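Residue 206 in my numbering sits at position 206 of the sequence shown; the count goes up by one each step and never skips. Here is the structure we will look at, set down as structure tokens.
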Amino acid sequence: MATLPYMQLYIADYLADTMHLSAEEHGAYLLLMFNYWQTGRAIPKSRLAKIARISSERWGAVEESLREFFIDNGTEWIHERIENDLAAVRDVLAKKSAAGKASVQSRRNRKKTQAASGSNTCSTGVGSVFKQEANKKGTNKDIDLKELNPTHNARARASAPVSQPGIMQQPVVTEPEYREGLNEPIGKFSMMDDWHPSLDFRQRAAQWGVALPEPEYLPTELVAFRDYWTSEGKVFTQIQWEQKFARHVNHVRAKAKPASRGE
Numbered sequence: 001m002a003t004l005p006y007m008q009l010y011i012a013d014y015l016a017d018t019m020h021l022s023a024e025e026h027g028a029y030l031l032l033m034f035n036y037w038q039t040g041r042a043i044p045k046s047r048l049a050k051i052a053r054i055s056s057e058r059w060g061a062v063e064e065s066l067r068e069f070f071i072d073n074g075t076e077w078i079h080e081r082i083e084n085d086l087a088a089v090r091d092v093l094a095k096k097s098a099a100g101k102a103s104v105q106s107r108r109n110r111k112k113t114q115a116a117s118g119s120n121t122c123s124t125g126v127g128s129v130f131k132q133e134a135n136k137k138g139t140n141k142d143i144d145l146k147e148l149n150p151t152h153n154a155r156a157r158a159s160a161p162v163s164q165p166g167i168m169q170q171p172v173v174t175e176p177e178y179r180e181g182l183n184e185p186i187g188k189f190s191m192m193d194d195w196h197p198s199l200d201f202r203q204r205a206a207q208w209g210v211a212l213p214e215p216e217y218l219p220t221e222l223v224a225f226r227d228y229w230t231s232e233g234k235v236f237t238q239i240q241w242e243q244k245f246a247r248h249v250n251h252v253r254a255k256a257k258p259a260s261r262g263e
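Have a look at this one:
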């Protein structure tokens, strides 16, 4: 099945519900829950002892203690809370995948329209280029907003392709590619206006050594990040985009904090 986010373990509820379990029973119960989440389905009764790593001699006693946490349908043990969590995650993943595919199709249609429009413009655009050049010396006083950002400007000059005067160069867009059964795009792709970090963004950031604040990101931070990188035209993998976004969030929050004053 598709890769699921990290399992949610409600510590307070778990401890309250399992106060009567022994250490052996705790271990068996956790292993059963982990397997349930990893496979995404109920556990066959014939495999319970093996998954819990309990000998057949001991399983009879352990089974009685753990039975209360599951629903026995005769052939399988069903965990109702995990089933509800799985259903919620699958719903989110399905919506995200559908939205991603719809967005890709929309961009493809838009690119076809722009390409058709561009071919019509090229047939009559030579004269307008010379006209713009003749008028530009005395009238063109517009300032590109990116000129106000020295860091960005230096980087843009180093990588900007040579273009014809009066013709705006659009960054090449590499669309994300989705495969059946996966909820995240594969390979490298350009930043899109509907890009989002994964559902387990905080856990991933922790693995990279980045401690995200609360909340892990704000809508305004996400919009600013997408707008900047969309104009850059760079391509990265989903993981690389998330690493950049994690650093971006911490950088923005650090700047927003008031400077501490010494007594």
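We treat Cβ as the ideally placed atom computed from N, Cα and C, and that holds for glycine. Keep in mind it's a predicted model, so treat the numbers as computed, not measured.
Validate contact between the segment 97-116 and the segment 58-65 using beta carbons, cut 8 Å, 3 pairs: Output reads no: the segment 58-65 does not touch the segment 97-116.
In the DSSP assignment, find the alpha helix (DSSP H) that holds Glu64 and state where it starts and stops. Stepping through the sequence shown from its first residue, residue 64 is reached at position 64. Counting along the chain, the unbroken alpha helix (DSSP H) around Glu64 starts and ends at 56-66.
Quick one: using the 10 Å Cβ neighbour count with 16 as the cut-off for buried, is Ser106 buried or exposed? Counted from its first residue, the sequence shown places residue 106 at position 106. Ser106 is exposed by the Cβ-count criterion.
Anyone know if the C-beta pair for Glu76 and Ile54 falls short of 9 Å? Residue numbering aside, residue 76 sits at position 76 when the sequence shown is read from its first letter. Residue numbering aside, residue 54 sits at position 54 when the sequence shown is read from its first letter. No, Cβ-Cβ distance for Glu76 and Ile54 is not below 9 Å.
Between which residues of its own chain and Glu263 is the CB-CB distance below 8 Å, once the five residues before and five after are set aside? Counting from one through the sequence shown, the residue named residue 263 turns up at place 263. Bear in mind that the predicted position of Glu263 carries a pLDDT of just 45, short of 50, making it too unreliable to give a figure here.
Per-residue DSSP class, three states only, for Pro275: No answer is possible for residue 275: it lies beyond the span of the chain, which begins at 1 and ends at 263.
Determine the burial state of Trp208: buried for a count of at least 16 other Cβ atoms within 10 Å of its Cβ, exposed for fewer. Position 208 of the sequence shown, counted from the first residue, corresponds to residue 208. Its Cβ having fewer than 16 others within 10 Å, Trp208 is exposed.
Leaving out five residues before and five after Asn140 in sequence, what residues of the same chain have Cβ atoms less than 6 Å from its Cβ? Translated into the one-based positions of the sequence shown, residue 140 becomes position 140. Legend: pLDDT at Asn140 = 46, less than 50; position of this residue unreliable, no value from coordinates given.
What three-state label does DSSP hand Pro219 in the structure shown? On the sequence shown, residue 219 is found 219 positions in, with the first residue counted as 1. Looking at Pro219 - three-state DSSP - the assignment turns out to be helix.
Would you mind working out which of Pro176, Arg226, Leu212, Lys112 sits nearest Asn250, comparing C-alpha positions? What you label residue 250 is simply residue 250 of the sequence shown in a count that begins at 1. Out of Pro176, Arg226, Leu212, Lys112, Leu212 has the C-alpha closest to the C-alpha of Asn250.
When the distance is taken between beta carbons, is Pro197 closer than 9 Å to Trp229? If you number the sequence shown from 1, residue 229 lands on position 229. If you number the sequence shown from 1, residue 197 lands on position 197. For Trp229 and Pro197, no; Cβs fall outside 9 Å.
When we look at the beta-carbon of Val89 and count the other beta-carbons within 10 Å, is it buried (16 or more) or exposed? In the sequence shown, the residue the question calls residue 89 occupies position 89. Answer is buried; the Cβ neighbour count reaches 16.
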